[in-house]
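Please read the structure below before turning to the comments.
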Amino acid sequence: MTGKPSFVRRLDWVGLLIPAVIGGFVILFYSSVKDAPEIDRVFVTPLAIAGAMVLLVVLWGELRAAWQPASATPDDEPEAPSEASNPWRVVGFIALMVLYLLGMAHVGFFVSSFLMIVAGMLCLGVRDIRQLIVISTALIGTEYVLFAQILDIPFPASALGLF
Amino acid sequence: MFDVDAFLQATQLVIDWWMVPLVVFGVFWGIVFSAIPGLSGSTGMAVLLPFCFTLGPLYGLVLLLGVYTGAMWGGAIPAILINTPGSAPAIFTGLDGYPMARQGKASEALGMSIMASVAGGLVGSLALMVIIFPLASVTLRFGPPEMFMVAIFGLTIVSALAGKAFSKALLAGMFGMFLGMVGLSHTGTMRATFGSVDLLDGIPLMPVLIGMVAMPELFNLMARSSTKLSVDGQLPSLRRVWQGCVQTLQRPKILLQSSFVGLFVGALPGTGGDVASIVAYNESRRLSDRPDLYGKGNPDGLIAAEAANNSQEGGAIATMLALGFPGSSGTAVLLGALIMQGWVPGPRLFTENAPIVYAAILSTFFSLFALLALGILMCGVGARISRAPAKIVVPCIVVLTFIGAYVIRSSLFDVMILFVFGLLGWAMRRRGYPPAAVILGLVLGPMADAELVRIYQSFPEGIWAIFTRPISGLMAAVVAFFLLRSLFKTLTVRRAPTG
């Protein structure tokens, strides 16, 4: 027996999260300037009011799309997402990026960058050891020479003493 | 007015064999610095500044102008090939350039971008030579009301980015405007810094730009990593790049229109290539018979953005030389180089050092020819990158973008910003919010805010001052006309299926 999914199940939670994040940010922004001189709010106040109105329109569109899927107007339709053959690969890569961010300060900027390229290529299906080593070394070597040696840009020192 | 004697002396100065290697090296340096995400032409110029000081006034200025010219185009390479703008203005190049690359026209898109850049640059350099003083006097009349209207004029492009979801594009644009106003305001108020020192200067543009524009595409590529970056069916070739160049010349109307828009916007102090590209792209879409094709690989959009980006150089340098206002970070470095040589930009510069200034302007023509030759050669190399498998290129680009975000300010905070906005941009794009609208708001929002504050500080009638001045009043009428026309079109389209 296949019944019509409930209103709550039909709701696009990610679609609701985006206006919620934007709305939350605008509230935080406005609360930081509410005690500022009036001249500081001549642009912010009308923009916040207009933003709140547009936000309500977007939320209404999301709710209406869940309530009456057939009546959704072109305004409410998301653009067709790109074909995602393996979303878990993206999730894995995002996890690697988080580790990379943490590693920058602790393992060393260039060492973590080297490891990120190797791990990223492995995650996406590269199995040729030569490719993994040669490409990662060439890219990071070039970046190191360009940024750290020629341009003398300071990179964060790692706890392990690696660059 | 145009000084014929100084011009003749300048032609003698530029007929010098040393000019050739200086110009070629400068253009190459500019292309490379601008093409690497995270670096910029102004960084490349700043790196060469001490070297220029030892070269002498004319050689130093010629070298820097070469870098400036090369940098105006270099950002288009990654924007077209991997949807990662190397510089802020290139975002509008990528808007149509990247879809073209995905359709198998990477070589043609690169060819179009190079020819549009050269043509735009020629218009800018000619104008710089001929109308520098009249242009400077017009822009001198631009006060806060006019500058405010320039920002509002640019913001109306949100409707062009909207596609099917107008309200979502509007919300994304407003979000960008609020993001752009984070940090220390013009009156000294801290806005949404939440006690963070890193946010005092505001949310950095480049990490947000790379995160919102490049990351979503990289996430999509990760999911189908067996594919190539572009779906180019044929081997990239110089012949196809050249075909792109020729196709650009077959569109003289859009080329000239966008070049003049860029020239004018570039002459306005405080604007830059990004604002010039936004306004020119918007105008080309508005005047097009098929505005619906913009953002989907329309060559006109690519040409408009690139031509304006390069022609603004002429206007920006004119304003910098004649008034001493740097219109962008690039002209700010040029200004620094002039001051370092003991010259003070302004009207006296043309009476005291006119031949050298004219010689430097003449050298920009050489730079543009060098850009055409070097650009075509580098297009061929760049287009081959687009055929590499995504499973190899994507991790490399991710690391390059992270390093690029870091090196701009040597800040890990910027890398965090890149990551957060990358995820946000991915989610927004999947739900129909155009990330480009956020960038647009981020660039133009603070400008509109600052100019409105100046209006209230300078004019007792407040915002009504816009309607009491002829230029700003006319611009307000034009904006109102376009907004009403967009609204009318939207209502007509909505009623059509039910009617």
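Protein sequence lines correspond, in order, to chains R and F. Quick note on numbering: the first sequence equals residues 91 to 253 in my numbering. Quick note on numbering: the second sequence equals residues 11 to 509 in my numbering. No residue lacks a Cβ here, since even glycine has one placed at the ideal position from N, Cα and C. Owing to the predicted nature of the structure, the values given are computational and were not obtained by experimental measurement.
Item: Residue range of the alpha helix (DSSP H) that includes I465(F); Value: P445 to S468
Item: Through-space distance from D299(F) to Y466(F), alpha-carbon basis; Value: 40 Å
Item: Complete runs of the beta strand (DSSP E) confined to the stretch 103-151 of chain R [at least 3 residues]; Value: none
Item: Neighbour-count burial assignment, S228(R), 16 or more Cβ in a 10 Å radius; Value: For the record, residue 228(R) in the displayed sequence is Ala; it is not Ser. A228(R) comes out exposed.
Item: Residues in the stretch 211-227 of chain F having any Cβ partner in chain R nearer than 8 Å; Value: none
Item: is_contact[L145(R), chain F] using C-beta, thresh 8 Å; Value: yes
Item: Three-way DSSP call (helix, strand, coil) for R300(F) in this model; Value: coil
Item: Interface partners of K401(F) on chain R, CB under 7 Å; Value: M211, L214, G215 and V216
Item: Cβ neighbour criterion (16 or more within 10 Å) applied to S287(F); Value: buried
Item: Contact residues within the stretch 412-436 of chain F, judged by C-beta distance below 9 Å to chain R; Value: F412, I413, Y416, V417, S420, L422, V425, M426, F429, G432, L433, L434 and W436
Item: Cα-Cα separation, A486(F) to T166(F); Value: 12 Å
Item: C-beta contact flag for V77(F) and W28(F) at 8 Å; Value: no
Item: Nearest-angstrom Cα separation, counted from L236(R) out to L378(F); Value: 26 Å
Item: Cα-Cα separation, S226(R) to E128(R); Value: 54 Å
Item: Simplified DSSP state of P31(F), which is helix, strand or coil; Value: helix
Item: CB contact check: M191(F) to chain R, cutoff 8 Å; Value: yes
Item: C-beta atoms of G107(F) and S123(F) nearer than 8 Å; Value: yes
Item: Beta carbon proximity, V116(R) to chain F, threshold 8 Å; Value: yes
Item: Whole-angstrom C-beta distance between G311(F) and R295(F), which should lie under 8 Å; Value: 7 Å
Item: Cross-chain neighbours of A202(F) in chain R, by beta carbon under 7 Å; Value: L118, F119 and S122
Item: CB contact check: R220(R) to chain F, cutoff 8 Å; Value: no
Item: Proximity to I327(F) [Cα-Cα], best of T199(F), L71(F), A175(F) and G183(F); Value: L71(F)
Item: Rounded separation between P214(F) and A415(F) - CA only; Value: 9 Å
Item: Opening and closing residue of the alpha helix (DSSP H) in which H196(R) lies; Value: P177 to H196
Item: Contact set between Q113(F) and chain R, taken where Cβ atoms lie within less than 9 Å; Value: Chain R residues near Q113(F): none, gap ~15 Å exceeds 9 Å.
Item: Beta carbon proximity, K263(F) to chain R, threshold 8 Å; Value: no
Item: Minimum C-alpha distance to M157(F) - residue among A277(F), L189(F), V140(F) and G121(F); Value: A277(F)
Item: F204(R) beta carbon less than 8 Å from that of I310(R); Value: Not covered by the structure: residue 310(R). The range shown for chain R is 91 to 253.
Item: Reduced DSSP secondary structure (H/G/I, E/B, other) of P154(F); Value: helix
Item: Cut-off 8 Å between Cβ atoms - residues of its own chain near V14(F), not counting five sequence neighbours on either side; Value: none
Item: Touch test, the stretch 120-140 of chain R against the stretch 199-210 of chain F, Cβ-Cβ under 8 Å, three pairs minimum; Value: yes
Item: Contact between the stretch 450-468 of chain F and the stretch 202-221 of chain R (3+ Cβ pairs under 8 Å); Value: no
Item: C-beta contact flag for M438(F) and A182(F) at 8 Å; Value: yes
Item: Nearest-angstrom Cα separation, counted from P262(F) out to E316(F); Value: 14 Å
Item: Own chain, CB closer than 6 Å to D208(F), minus 5 neighbours either side, in chain order; Value: F423
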